[in-house]
Amino acid sequence: MDRAKHNEPKRGRLFLNAIIRHLEEIIAATARRIQVVVVFGHPILRPELKRNTVLDRQDRQQPQQPSDKSTPVTHPVPFITNDTLAACVHGRSSKEWEVAFFHGDEPTRVATFVRWSEQGLLVVAAHEADPLVSASTKFGQICDVALEPNRVVLVSADSDFFMLLGADQAR
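Numbering (full-length UniProt numbering), first residue to last: 1 to 171.
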């Protein structure tokens with residue numbers, strides 16, 4: 001196993017811990033009136049596409065530099081797995097969010113989530129993040145958080161999910 005792959009779980013935990021620290025400051029600044037839900041896409045289903053997307057963004061943001069093939073490529077956003085999610089929040093176990101899409105159907109797992117506080121939730125989608133966020137606006141909840149229209153702002157790095165929203169949800 002090369003060194004970069006070995007360090008990936010640690011990078012994921014450090015990344016999640018940095019997000020939690022930053023969001024705790026925001027939550028505290030709003031007198032704990034907001035809830036924050038951070039959704040990550042599933043890291044295994046489309047890793048090549050996601051990796052290419054990250055590399056394309058890096059190429060557009062930085063001037064071309066000679067590449068050294070012996071240096072491992074480090075990605076600014078590590079892939080977040082269910083194991084990384086569970087290891088990040090000590091003393092909290094992750095839960096599965098299942099939805100029965102049609103009456104009488106067996107529930108299907110759509111995400112794994114863990115709360116880091118009353119106001120904070122980390123989610124790893126069972127597939128892609130954007131369709132999960134879009135569908136959640138129609139369900140009126142994501143995992144165990146009710147989506148209240150006057151308190152919810154949807155944000156995505158690539159904003160694909162906005163194309164999936166109905167006109168009444170896209171304000």
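Virtual Cβ for every residue (Gly too), placed ideally from N, Cα, C.
Three-state secondary structure assigned by DSSP to ALA18: Counted from its first residue, the sequence shown places residue 18 at position 18. Correct three-state label for ALA18: helix.
Reference LEU132; option with closest CA among ASN7, ARG115, TRP97, TRP116: Residue mapping note: residue 132 aligns to position 132 of the sequence shown, counting from 1. Ranking the options by Cα distance to LEU132, first place goes to TRP97.
Reduced DSSP category for LEU23 - H, G, I as helix; E, B as strand; rest coil: As a working note, residue 23 is residue 23 in the sequence shown. LEU23: helix per DSSP, three-state reduction.
Boundaries (first-last residue) of the alpha helix (DSSP H) holding SER134: Mapped onto the sequence shown, residue 134 falls at position 134. SER134 -> alpha helix (DSSP H) spans 129-139.
Collapsed DSSP secondary structure at ALA28 in the structure displayed: Mapped onto the sequence shown, residue 28 falls at position 28. In the structure shown, ALA28 sits in a helix (DSSP, three-state: H, G or I).
Through-space distance from LEU85 to ILE19, alpha-carbon basis: Residue 19 sits at position 19 when you count from the first residue of the sequence shown. Residue 85 sits at position 85 when you count from the first residue of the sequence shown. Those two C-alpha atoms are separated by around 12 Å.
Alpha carbon of ARG13 to alpha carbon of VAL38, nearest angstrom: Your numbering for residue 13 matches position 13 in the sequence shown. Your numbering for residue 38 matches position 38 in the sequence shown. Taking the CA atoms as reference points, ARG13 sits about 14 Å from VAL38.
Straight-line Cα distance separating ARG109 from ASN17: In the sequence shown, residue 17 corresponds to position 17, counting from 1. In the sequence shown, residue 109 corresponds to position 109, counting from 1. Rounded to the nearest angstrom, the two C-alpha atoms are 25 Å apart.
Start-to-end residues for the alpha helix (DSSP H) that takes in THR81: As a working note, residue 81 is residue 81 in the sequence shown. Run containing THR81: none; DSSP gives neither H nor E here.
Residues bridged to ILE142 (per DSSP): What you label residue 142 is simply residue 142 of the sequence shown in a count that begins at 1. Within the DSSP bridge table, the entry for ILE142 names VAL145 as partners.
Between the CA atoms of ALA129 and GLU106 - distance to the nearest angstrom: Counted from its first residue, the sequence shown places residue 106 at position 106. Counted from its first residue, the sequence shown places residue 129 at position 129. Cα to Cα, the separation comes out at about 22 Å.
When ALA111, SER94, CYS88 are compared against ALA100, the one with the closest alpha-carbon: Stepping through the sequence shown from its first residue, residue 100 is reached at position 100. Ranking the options by Cα distance to ALA100, first place goes to ALA111.
First through last residue of the beta strand (DSSP E) which encompasses PHE113: As a first step, residue 113 is located in the sequence shown; it is residue number 113 there, counting from the start. Residues 108-117.
Inter-residue CB distance, VAL123 and ILE142 (contact presumed, cutoff 8 Å): For the purposes of this step, residue 123 is identified with residue 123 of the sequence shown, where counting begins at 1. For the purposes of this step, residue 142 is identified with residue 142 of the sequence shown, where counting begins at 1. Between ILE142 and VAL123 the Cβ distance is about 7 Å, and since that is below 8 Å, they are a contact.
Beta-carbon separation (whole angstroms), ALA126 vs HIS22, contact threshold 8 Å: Counted from its first residue, the sequence shown places residue 126 at position 126. Counted from its first residue, the sequence shown places residue 22 at position 22. In fact, because the Cβ distance is near 26 Å, the residues do not count as touching under 8 Å.
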